[in-house]
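If you count the sequence shown from 1, position 92 lands on 77 in the numbering used here, and the numbers rise without skipping.
Glycine included, every Cβ here is placed at the ideal spot set by N, Cα and C.
For reference, the structure is listed below as structure tokens.
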Amino acid sequence: MVEIKNIDKSFGKLNVLQGLNVTIGKGKAVAILGPNGSGKTTLIKCILGLVIPNKGSITVNGENIHANWNYRNYIGYLPQIARFPENLSVKELFLMIQDLRQQKVNYDYLVNQFNLSPFLTKPLRSLSGGTRQKVNMVMALMFNPEIYIFDEPTVGLDPISCVRFKELVQSQKNLGKTVLITTHILSEVEELADEIIFLLDGKIYYQGSPIELMSKYEETHLERAIAKMLETYELKLITS
């Protein structure tokens, strides 16, 4: 479980996050959405301890994360862009990550799920963007963490791998894991997310289920509902 209480974060005079309160429970998938510059990446970095909030607190499984890095062992993180030494083979990368975490795991099942066996001995520099994304996905999943953070997880993936990923997310939810996703592919949100947190100008503008949002704006597709919500927001700005 991740609990975010009264988080503020600014960079100089720019207020990026303002008074955020979020609880992401076990067995739930929450999608963090919003336009570019709305604060999504900063929020994720706050949870990972890469950015320190100016105000508020974050707890992971009941532990305050401030100056406490052990909580990261609970988290499997898939960044939007991951960079590793290009000369390493895929297998060498997996072994290096295990050594860094001081934890040996069997990742054969995941390798098979994403059809990575032919690439295990190949250097990272020779891989396509989609194959790299599958490698990153295996690393996020391989330690069987309690909390997953996926940042644009299916970018570059082929349709079969997208299906495999969604199946794995659903299975992890069923096991009581906590899942946090940021994505611009709204069909994924409809399939995977129990709740949406939509950020605008560093504040929560909508918090609730995809179904509730579609019902509110009388739409059958999430994309159209979000478009209507943004139109309403922009109209308020113009008329206020």
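Counting the other CB atoms within 10 Å of its CB gives residue 93 a total below 16, which places it among the exposed residues.
The count of Cβ pairs closer than 8 Å, one atom from the segment 127 to 134 and one from the segment 57 to 72, reaches three, so the stretches are in contact. DSSP links residue -13 through a beta bridge to 9, 45.
By the neighbour-count criterion, in which 16 or more other beta carbons inside 10 Å mark a residue as buried, residue 149 falls on the buried side. For a cut-off of 8 Å, the C-beta gap from residue 123 to residue 99 is around 6 Å, short enough to register as a contact.
Counting other Cβ atoms within 10 Å of its Cβ, residue 24 reaches 16 or more and is therefore classed as buried. Taking 4 residues as the shortest admissible run, the segment 114 to 162 contains the following complete alpha helix (DSSP H) segments, listed from N- to C-terminal end: 114 to 126, 144 to 159. A Cβ-Cβ contact shorter than 9 Å links residue -9 with residue 41. Per DSSP, residue 192 lies in no alpha helix (DSSP H); the unbroken beta strand (DSSP E) holding it starts and ends at 188 to 193.
Proximity to residue 39 across 19, 81, 5, 17 peaks at 5, based on C-alpha coordinates. In the structure shown, the three-state DSSP call for residue 69 is coil. Shown here, residue 83 sits in a helix according to DSSP, grouped into three states.
For residue 23, the secondary structure class from DSSP, reduced to helix, strand or coil, is coil. With respect to the C-alpha of residue 77, the residue from 107, 96, 58, 51 having the closest C-alpha is 107. When DSSP states are grouped into helix, strand and coil, residue 3 belongs to the strand group. For residue 62, there is no enclosing alpha helix (DSSP H); the enclosing beta strand (DSSP E) covers residues 60 to 63. Judged by DSSP in its simplified three-state form, residue 183 adopts strand. For residue 215, the enclosing alpha helix (DSSP H) begins and ends at 207 to 224.
Shortest Cα-Cα distance from residue 142 to any of 114, 164, 154 involves 114. A straight-line Cα-Cα distance of about 44 Å links residue 223 and residue 56. One thing to note: residue 60 has its Cβ no nearer than 9 Å to the Cβ of residue 28. Per DSSP, residue 101 lies in no beta strand (DSSP E) segment and is marked neither H nor E. In this structure residue 198 touches residue 191 by the C-beta definition: roughly 6 Å separates them, less than 8 Å. With a 10 Å radius around the Cβ and a threshold of 16 neighbouring Cβ atoms, residue 201 comes out exposed. It is roughly 14 Å from the alpha-carbon of residue 33 to the alpha-carbon of residue -6.
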